[in-house]
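For reference, each letter of the sequence shown is one residue, going 373 to 613 in the working numbering.
Glycine included, every Cβ here is placed at the ideal spot set by N, Cα and C.
Every value quoted in this text rests on a predicted model; they were computed, and no experiment measured them.
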Amino acid sequence: MLHKTRGIVLKTTLYSESSVVVQIFTDKFGIQSYMINGVKKPKAKIRMNMLQSLHLVDMVVYHKPNSSIQRISELRPSPVFRTIPYDILKSTMIIFLNEVLYKSIRQQNADENIFDYIFNAISWFDESDESNSNFHLAFLLKLSRFLGFAPSMETKSDSSYFDLQEGEFKSLPPLHPFFIEKTAAILFISLFTTPFEKLSEIKIDNVTRRLILDKILVYYTLHTASFGEIKSHQVLEDVLS
């Protein structure tokens with residue numbers, strides 16, 4: 373049976389000389405694996421450049437419950453990216469976010485809230501004329517709300533530390549090393565609460581931005597099972613520096 377669904381491309385793996393298996397986060401079926409044949413042929417209807425990191429697509433798919441590999445009848449970019457493929461900062465940031473998303477979302481069933489958040493955020497980022505160097509930080513912190521470990525914003529006058537393990541402010545430094553001191557913690561929370569449209573108002577130097585990114589990755593590691601090591605952030609940091 374054919375179904376229309378929107379999708380977010382997560383990972384493309386070569387299967388044979390001209391075929392790939394693509395993992396796509398769909399709004400109707402969660403994360404699904406699709407076999408696509410002939411993507412490298414000159415007249416291919418679905419081409420490799422449509423299957424890049426976090427590309428947003430409209431699809432018509434064959435869906436068989438409990439099948440590990442599904443099939444696609446039609447696929448087209450929607451919307452077609454206007455800036456991401458042509459902006460080195462944006463494209464590097466997308467590769468990094470794609471790696472984090474692939475390791476942190478495990479939606480075997482549909483979850484429209486997470487899907488809509490990611491879809492709308494990436495669409496906004498592509499349409500934005502600014503290569504906002506804080507987008508990836510805010511994106512991941514806002515995503516934590518949908519993954520179930522949003523930071524608590526409750527503070528007291530003597531709250532000087534943000535405990536990454538507990539996800540809340542503390543008056544005294546925790547007995548473990550997973551925390552942020554007050555100045556960086558305030559930026560951490562600001563990135564969580566500030567709309568994407570106003571992120572450029574948050575001024576962060578490169579050293580502090582690197583620190584906050586490292587702490588966000590620690591935060592995800594503490595709260596996401598089998599998160600593992602993220603490798604692409606080193607390339608991103610080089611581009612941002």
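Collapsed DSSP secondary structure at residue i in the structure displayed
i, result
"residue 476", "helix"
"residue 434", "strand"
"residue 384", "strand"
"residue 535", "strand"
"residue 394", "strand"
"residue 457", "helix"
"residue 467", "helix"
"residue 407", "strand"
"residue 602", "coil"
"residue 428", "strand"
"residue 521", "coil"
"residue 495", "helix"
Beta-carbon proximity check, residue i vs residue j, cutoff 8 Å
i, j, result
"residue 498", "residue 455", "yes"
"residue 610", "residue 484", "no"
"residue 375", "residue 435", "yes"
"residue 591", "residue 476", "no"
For residue j and residue i, believed in contact at Cβ under 8 Å, the rounded distance
i, j, result
"residue 533", "residue 521", "Actually they do not touch by this definition, with Cβ atoms about 18 Å apart."
"residue 407", "residue 391", "7 Å"
"residue 511", "residue 469", "6 Å"
Where residue i falls, given that 16 or more other Cβ within 10 Å makes a residue buried
i, result
"residue 441", "exposed"
"residue 586", "exposed"
"residue 525", "exposed"
"residue 516", "buried"
"residue 423", "buried"
"residue 535", "buried"
"residue 601", "exposed"
"residue 385", "exposed"
Inset, instruction - Would you be able to state if there are at least three C-beta pairs under 8 Å between the segment 472-482 and the segment 456-464? - result: no
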